[in-house]
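Here is the structure we will look at, set down as structure tokens.
In the working numbering, the protein residues as written are 2 to 205.
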């Protein structure tokens with residue numbers, strides 16, 4: 002018996018079957034917003050309560066956090082070390098190891114935001130800043146887009162963290178950080194994605 006095999010790098014199309022025994026069309030997956038109400042407006046984000054129309058004619062509630070987005074930057078020196086920051090994260094009641102990052106101002110250029118956060122948190126500046134793409138950290142309920150960058154050709158200046166921001170800076174080899182990801186010692190999503198993307202680009 003002959004079986005069709007899929008190449009390791011070829012994606013498989015797996016579909017959720019509808020009641021007619023057919024795969025949903027892409028257009029059937031879309032939702033139309035029919036009403037929206039702002040429930041909370043804060044300094045960092047806004048919360049909306051929306052009602053959407055589904056392809057089958059039914060309606061469903063959606064709670065959405067509207068966020069201006071942010072930028073994160075991975076500073077890598079010529080010796081293969083990454084400058085990381087450790088800071089307390091109140092929602093999780095713990096200190097996390099992360100790459101420098103921060104929220105964008107309305108209409109701010111993501112690259113300029115990343116460069117600013119790099120200097121504020123570490124005192125570093127970079128001659129070369131390259132894009133590592135972007136991610137949707139929590140697409141199920143939040144509109145935040147997080148832009149990732151790789152900074153090289155570094156030089157040291159003076160850090161100037163935001164008021165109320167207390168940070169320790171650590172210089173750690175990229176190879177060690179990759180091991181820490183797989184050991185579960187790094188749990189911050191943006192940091193994991195940026196480290197893996199940078200390692201892939203650099204052939205580490």
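Heads up, the beta-carbon is just placed ideally off N, CA and C, and yes, glycines get one too.
**OP:** Assign residue 31 to one of two classes, buried (16 or more other C-beta atoms within 10 Å of its C-beta) or exposed (fewer than that).
**Re:** In the chain shown, residue 31 corresponds to position 30, counting from 1. Label assigned to residue 31: exposed.
Subject >> For residue 49 and residue 40, believed in contact at Cβ under 8 angstroms, the rounded distance >> reply: Counted from its first residue, the chain shown places residue 40 at position 39. Counted from its first residue, the chain shown places residue 49 at position 48. Yes, they are in contact, since the Cβ atoms of residue 40 and residue 49 sit about 7 angstroms apart, within 8 angstroms.
Subject >> Enclosing beta strand (DSSP E) for residue 171 [first to last residue] >> reply: Locating residue 171 in the chain shown gives position 170, where the first residue counts as 1. 169 to 174 is the extent of the beta strand (DSSP E) around residue 171.
Original post:
So who's on the other strand from residue 98, going by DSSP bridges?
Top reply: Along the chain shown, read from residue 1 onward, the residue named residue 98 stands at position 97. Beta-bridge pairing links residue 98 to 87.
Original post:
So residue 72 is in the beta strand (DSSP E); what residue range does that whole segment cover?
Top reply: Residue 72 sits at position 71 when you count from the first residue of the chain shown. Here the beta strand (DSSP E) through residue 72 covers 71 to 76.
Original post:
Going by beta carbon distance, what residues of the same chain come within less than 7 angstroms of residue 29, once the five residues before and after it are set aside?
Top reply: As a working note, residue 29 is residue 28 in the chain shown. Once the five neighbours on either side are set aside, the close Cβ partners of residue 29 are 56.
**OP:** Would you mind working out which of 92, 68, 83 sits nearest residue 74, comparing C-alpha positions?
**Re:** For this step, residue 74 is matched to residue 73 along the chain shown. If we check each option's Cα against that of residue 74, 83 comes out closest.
Original post:
Do you know how far the Cα of residue 25 is from the Cα of residue 106?
Top reply: Along the chain shown, read from residue 1 onward, the residue named residue 106 stands at position 105. Along the chain shown, read from residue 1 onward, the residue named residue 25 stands at position 24. Cα to Cα, the separation comes out at about 38 angstroms.
Original post:
Is it buried or exposed for residue 35, if we count other Cβ within 10 angstroms and need 16 for buried?
Top reply: As a working note, residue 35 is residue 34 in the chain shown. With fewer than 16 Cβ atoms within 10 Å of its Cβ, residue 35 is classed as exposed.
Original post:
What separation, rounded to the nearest whole angstrom, lies between the Cα atoms of residue 180 and residue 69?
Top reply: On the chain shown, position 179 is the one that residue 180 refers to. On the chain shown, position 68 is the one that residue 69 refers to. When rounded, the distance between both Cα atoms is 32 angstroms.
Original post:
The beta strand (DSSP E) with residue 61 in it runs from where to where?
Top reply: If you number the chain shown from 1, residue 61 lands on position 60. Counting along the chain, the beta strand (DSSP E) containing residue 61 begins and ends at 60 to 68.
Original post:
Is it the case that the Cβ atoms of residue 151 and residue 77 are separated by a distance below 8 angstroms?
Top reply: If you number the chain shown from 1, residue 151 lands on position 150. If you number the chain shown from 1, residue 77 lands on position 76. Yes. Within cutoff.
Subject >> Residues near residue 131 by beta carbon distance below 6 angstroms, same chain, minus five either side >> reply: The residue labelled residue 131 in the question sits at position 130 within the chain shown. If we look at residue 131 and ignore the five residues flanking it on each side, its Cβ neighbours are 151.
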